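In the order they appear, the protein sequences are chains R and B.
Each residue of the first sequence is one higher than the one before, counting from 2 in this note's numbering.
Each residue of the second sequence is one higher than the one before, counting from 285 in this note's numbering.
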Amino acid sequence: NAGVTQTPKFQVLKTGQSMTLQCAQDMNHNSMYWYRQDPGMGLRLIYYSASEGTTDKGEVPNGYNVSRLNKREFSLRLESAAPSQTSVYFCASSPARGTDTQYFGPGTRLTVL
Amino acid sequence: QKEVEQNSGPLSVPEGAIASLNCTYSDRVSQSFFWYRQYSGKSPELIMSIYSNGDKEDGRFTAQLNKASQYVSLLIRDSQPSDSATYLCAVNGHNAGNMLTFGGGTRLMVKP
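1. Are Arg391 (chain B) and Ile302 (chain B) touching if we call contact CB-CB under 8 Å?
2. Looking at the structure shown, is Tyr86 (chain R) part of a helix, part of a strand, or coil, going by DSSP?
3. Considering only residues of the segment 14 to 89 of chain R, which uninterrupted beta strand (DSSP E) runs meet the minimum length of 3 residues and lie entirely inside it, listed in chain order?
4. Would you tell me roughly how many angstroms separate the C-alpha atoms of Leu44 (chain R) and Thr21 (chain R), rounded to the nearest one?
5. With a threshold of 8 Å on Cβ separation, who are the neighbours of Met2 (chain R) within its own chain once the five nearest residues in sequence on each side are excluded?
6. Roughly how many angstroms separate the alpha carbons of Asn63 (chain R) and Tyr49 (chain R), rounded to a whole number?
7. Note down the Cα distance separating Arg344 (chain B) from Ala82 (chain R), rounded to an integer number of angstroms.
8. DSSP on Asp339 (chain B), reduced to helix/strand/coil?
9. Which chain B residues are close to Met42 (chain R), counting only those with a beta carbon under 7 Å from its beta carbon?
10. Enumerate in chain order the residues of its own chain whose CB-to-CB distance from Phe105 (chain R) is below 7 Å, with the five nearest sequence positions on each side excluded.
11. I'd like the span of the beta strand (DSSP E) that includes Ser296 (chain B), first residue to last.
12. Applying the criterion that 16 or more other CB atoms from any shown protein chain within 10 Å of the CB defines a buried residue, is Ala347 (chain B) buried or exposed?
13. At 7 Å on the CB atoms, spell out the chain B contacts of Gln107 (chain R), in chain order.
14. Restricting to Cα atoms, I'd like to know which of B:Val394, B:Ser314, B:Leu372 is closest to Gln290 (chain B).
15. Since Ile302 (chain B) is in the beta strand (DSSP E), which residue starts that stretch and which ends it?
16. I'd like to know whether the C-beta atoms of Val288 (chain B) and Tyr320 (chain B) end up nearer to each other than 8 Å.
17. Given that Gly59 (chain R) touches chain B, what residues does it touch there, using C-beta distances under 7 Å?
18. Report back the beta-carbon spacing between Gly338 (chain B) and Leu349 (chain B) to the nearest angstrom; my notes put them in contact at under 8 Å.
19. Can you find a CB in chain B that lies within less than 8 Å of the CB of Tyr90 (chain R)?
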């Protein structure tokens, strides 16, 4: 099992460019999450999908959109990147939302110039 | 006030000592508590979960929960240099969707 995979690993964008971060899991988990991690601030939830076909906003959703393509895949899109979105992005999955253990992907390091 | 608070550290302990990591949370109805370890440049990995008051031991790790004091801690016995990492406390939050809320993490340094 690969667990949770993310692409790309690194990305540099210019302000105003768009991009999609991809995430896939092969553990048959129902719930998937997107977090960003900034120095000293822990992990902050951007969006989550409790089950296939549903998505909801987390703590910091502004500037992002998501798509739960199927049970395995959950993508995060930046429509018009801003320097404030420079961060490390982690995708995670869990059997069910909230109280279950979350398993994290390797992360995407994004820099917006 | 942040919902989940941790001392950012760094916490420095000598090899073989006990490292004590602390976390406080603000939401009294929280039910699930997790400790994740994150090495520099890597993703978080779960090391302990605890759901009821008291102690839970797993090898060199012990998680302690006191819901009355809204306090959860992680003890690492016989600390090794390989334990040097950032430790993240996570609590299931009283928010829509019952999502986890993470603290800012405590950086632990174990000196040989």
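Backbone N, C-alpha and C fix where the C-beta goes; we use that ideal spot for every residue, glycine too.
Since we're looking at a predicted model, the values are computed, not measured.
On the basis of the data shown:
1. no
2. Residue identity differs from the one stated: residue 86 (chain R) is Gln in this sequence, not Tyr. Correct three-state label for Gln86 (chain R): helix.
3. 20 to 26, 32 to 38, 44 to 50, 65 to 69, 75 to 79
4. 20 Å
5. A quick correction: the sequence has Asn, not Met, at residue 2 (chain R). Same-chain partners within the cutoff: Asp27, Met28.
6. 14 Å
7. 44 Å
8. strand
9. Gly388
10. Val5, Phe91, Ala93
11. 295 to 298
12. buried
13. Note on residue identity: the sequence assigns Pro, not Gln, to residue 107 (chain R). Near Pro107 (chain R) (Cβ distances below 7 Å), the residues of chain B are Ser327.
14. B:Leu372
15. From DSSP, Ile302 (chain B) is part of no beta strand (DSSP E); its letter is neither H nor E.
16. no
17. Met383
18. 7 Å
19. no
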